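**Q**
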Amino acid sequence: MQFLQILARKPGSLEVLFQIPFCQKQFPYSCLSTSACVYSKKKKGNSYDQVDQEKYKNLVHSVISYKTSAQTPETILEEDNLLYGPPAKQTPPIKAGTRTPKNWLPLINPSKRILPASSDSKVPMKIRLQRAKLPSVTRILQQTLSPQQVFYLERWKQKMIEELGKEGFEEYTKNLFLQGELFHSALESIFLSGETAAREQGEDDVVAGYLSSVEGVLEDISEVKALESGVHHGTLQYLGLVDCVAKYQGQLCVIDWKTSEKPKPFLQNTYDNPLQVAAYIGAINHDANYNFQVRCGLVVVAYKDGSPAHPHFMDPDLCSQYWNKWLLRLEEYRDKN
Numbered sequence: 001m002q003f004l005q006i007l008a009r010k011p012g013s014l015e016v017l018f019q020i021p022f023c024q025k026q027f028p029y030s031c032l033s034t035s036a037c038v039y040s041k042k043k044k045g046n047s048y049d050q051v052d053q054e055k056y057k058n059l060v061h062s063v064i065s066y067k068t069s070a071q072t073p074e075t076i077l078e079e080d081n082l083l084y085g086p087p088a089k090q091t092p093p094i095k096a097g098t099r100t101p102k103n104w105l106p107l108i109n110p111s112k113r114i115l116p117a118s119s120d121s122k123v124p125m126k127i128r129l130q131r132a133k134l135p136s137v138t139r140i141l142q143q144t145l146s147p148q149q150v151f152y153l154e155r156w157k158q159k160m161i162e163e164l165g166k167e168g169f170e171e172y173t174k175n176l177f178l179q180g181e182l183f184h185s186a187l188e189s190i191f192l193s194g195e196t197a198a199r200e201q202g203e204d205d206v207v208a209g210y211l212s213s214v215e216g217v218l219e220d221i222s223e224v225k226a227l228e229s230g231v232h233h234g235t236l237q238y239l240g241l242v243d244c245v246a247k248y249q250g251q252l253c254v255i256d257w258k259t260s261e262k263p264k265p266f267l268q269n270t271y272d273n274p275l276q277v278a279a280y281i282g283a284i285n286h287d288a289n290y291n292f293q294v295r296c297g298l299v300v301v302a303y304k305d306g307s308p309a310h311p312h313f314m315d316p317d318l319c320s321q322y323w324n325k326w327l328l329r330l331e332e333y334r335d336k337n
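The opening residue of the sequence shown carries number 1 in UniProt numbering; numbering runs sequentially from there.
Printed below as a string of structure tokens:
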């Protein structure tokens with residue numbers, strides 16, 4: 001069939017093919033031409049044949065003469081600079097918490113002389129807090145709360161007043177402070193006079209639940225160096241009262257004991273407590289009364305119902321971060337006062 005189509009395109013070819021040499025009569029051409037027309041459709045015209053090739057000859061030559069594109073990242077950048085100018089360099093915005101304190105001091109005191117520990121000095125230090133005209137760590141943090149912290153604190157206060165009444169709320173806060181003081185006194189007794197006696201003494205006490213809560217943490221604490229001891233930063237001029245300085249899992253730490261009715265499984269749940277610990281670490285390291293330096297911190301959250309306490313360990317890097325934040329809060333306090 002393909003052979004017939006080829007022949008049909010040439011005039012007279014079919015007629016010659018079907019001629020009978022021994023007969024004067026030939027096959028009718030019309031008959032064959034009709035069947036040939038079915039298979040010899042006219043080829044569709046190419047639209048490119050109508051293009052003026054001479055006119056676009058140079059353009060076609062320039063395109064096909066390159067094996068690869070002439071554009072490179074360098075040429076694109078040059079072209080972009082010519083059209084739009086050099087890119088404007090903008091400094092990235094400073095994230096919150098990355099500001100540098102104006103009067104920065106190191107957390108570790110490089111000039112402090114560390115004396116060898118005496119083998120006879122196993123009694124924890126307890127230096128009396130000097131009530132000078134210096135702000136305490138607690139006061140500085142309270143007066144530099146962020147607007148968000150003030151909002152949530154005020155909302156909690158109003159909610160408690162609605163539930164308990166004004167007098168009931170005052171009694172509630174008074175009991176919280178009392179329980180905190182009793183809890184710290186019980187811990188001090190544990191470290192000074194022995195764990196067993198303190199447990200028996202606190203079984204029927206209001207802090208029995210808190211003591212049960214911290215049992216697992218107390219097992220990891222050793223070599224207590226200071227208890228309820230006053231600290232003073234001579235350069236930055238602030239003071240405070242440290243709960244405890246001891247080794248936690250072999251690392252010397254400033255330990256801050258906290259009580260809570262709600263679980264606080266993460267360090268960020270403890271609000272400004274890490275800043276308080278960092279402030280105490282810096283004060284100890286710059287206080288001549290202490291012949292050692294501290295690089296780590298620990299915030300222990302104990303629960304009244306006796307559920308296991310959450311110990312939040314602060315390594316040296318984390319303490320340095322909170323130390324910078326503390327210095328910023330201290331500067332804010334100075335500016336306000």
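Idealized CB from N, CA, C, for every residue including glycine.
All values reported here derive from a predicted model rather than from experimental measurement.
(1) Using only alpha-carbon positions, find the residue among 335, 330, 337 and 336 that is nearest to residue 104.
(2) Per DSSP, residue 101 forms a beta bridge with which residues?
(3) Quick check on this structure: which residue in 239, 250 and 187 has the alpha carbon closest to the alpha carbon of residue 132?
(4) Check residue 7 in the structure and name its three-state DSSP category.
(5) Could you have a look at residue 215 and say whether DSSP puts it in helix, strand or coil?
(6) Using C-beta distances below 8 Å, list every residue in its chain close to residue 179, excluding the 5 sequence neighbours before and after it, in chain order.
(7) With distance defined between alpha-carbon atoms, name the residue in 108, 138 and 100 nearest to residue 333.
(8) Which class does residue 168 belong to by DSSP, given the choice of helix, strand or coil?
(9) Find out if the Cβ-Cβ distance for the pair residue 319, residue 281 is shorter than 8 Å.
(10) For the region 210-228 and the region 239-257, state whether three or more C-beta atom pairs, one from each stretch, are separated by less than 8 Å.
(11) Does the beta-carbon distance from residue 289 to residue 127 come in below 8 Å?
(12) With distance defined between alpha-carbon atoms, name the residue in 293, 306, 183 and 321 nearest to residue 256.
(13) From the DSSP output, in three-state form, read off residue 286 for me.
(14) With H, G and I counted as helix, E and B as strand and the rest as coil, what does DSSP make of residue 40?
(15) Check this for me: beta carbons of residue 270 and residue 233, under 8 Å apart or not?
(16) Where does residue 259 fall in DSSP's three states?
(17) Across which residues does DSSP place residue 297 in a beta bridge pair?
(18) In the DSSP assignment, find the beta strand (DSSP E) that holds residue 140 and state where it starts and stops.
(19) When DSSP labels each residue in this structure, what does residue 243 get in the three-state scheme?
(20) How many angstroms separate the CA atom of residue 253 from the CA atom of residue 143?
(21) Rounded to the nearest angstrom, how far is the Cβ of residue 228 from that of residue 241, given a contact under 8 Å?
(22) Enumerate in chain order the residues of its own chain whose CB-to-CB distance from residue 157 is below 8 Å, with the five nearest sequence positions on each side excluded.
(23) Closest to residue 181 by C-alpha separation, out of 243, 166, 230 and 231, would be which residue?
**A** According to the structure shown:
(1) 330
(2) According to DSSP, residue 101 shares a beta bridge with no other residue.
(3) 239
(4) Note on residue 7: pLDDT 44, under 50, position unreliable in the model; no value is reported.
(5) helix
(6) The answer, listed in chain order, is 206, 207, 210, 259 and 304.
(7) Ranking 108, 138 and 100 by Cα distance to residue 333 puts 138 first.
(8) Three-state result, residue 168: helix.
(9) The Cβ-Cβ distance between residue 319 and residue 281 falls below 8 Å.
(10) yes
(11) yes
(12) Scanning 293, 306, 183 and 321 for the CA closest to the CA of residue 256 turns up 183.
(13) coil
(14) Its pLDDT being 47, under 50, residue 40 is placed unreliably in this model, and the value from its coordinates should be taken loosely. Correct three-state label for residue 40: coil.
(15) no
(16) strand
(17) 254 and 314
(18) That residue, residue 140, is in no beta strand (DSSP E); its alpha helix (DSSP H) goes 137-142.
(19) In this structure, residue 243 counts as strand in the three-state DSSP scheme.
(20) Cα-Cα distance, rounded: 26 Å.
(21) 6 Å
(22) By the criterion of a C-beta distance shorter than 8 Å, residue 157 is surrounded in its chain by 169, once the five residues flanking it on both sides are discounted.
(23) 243
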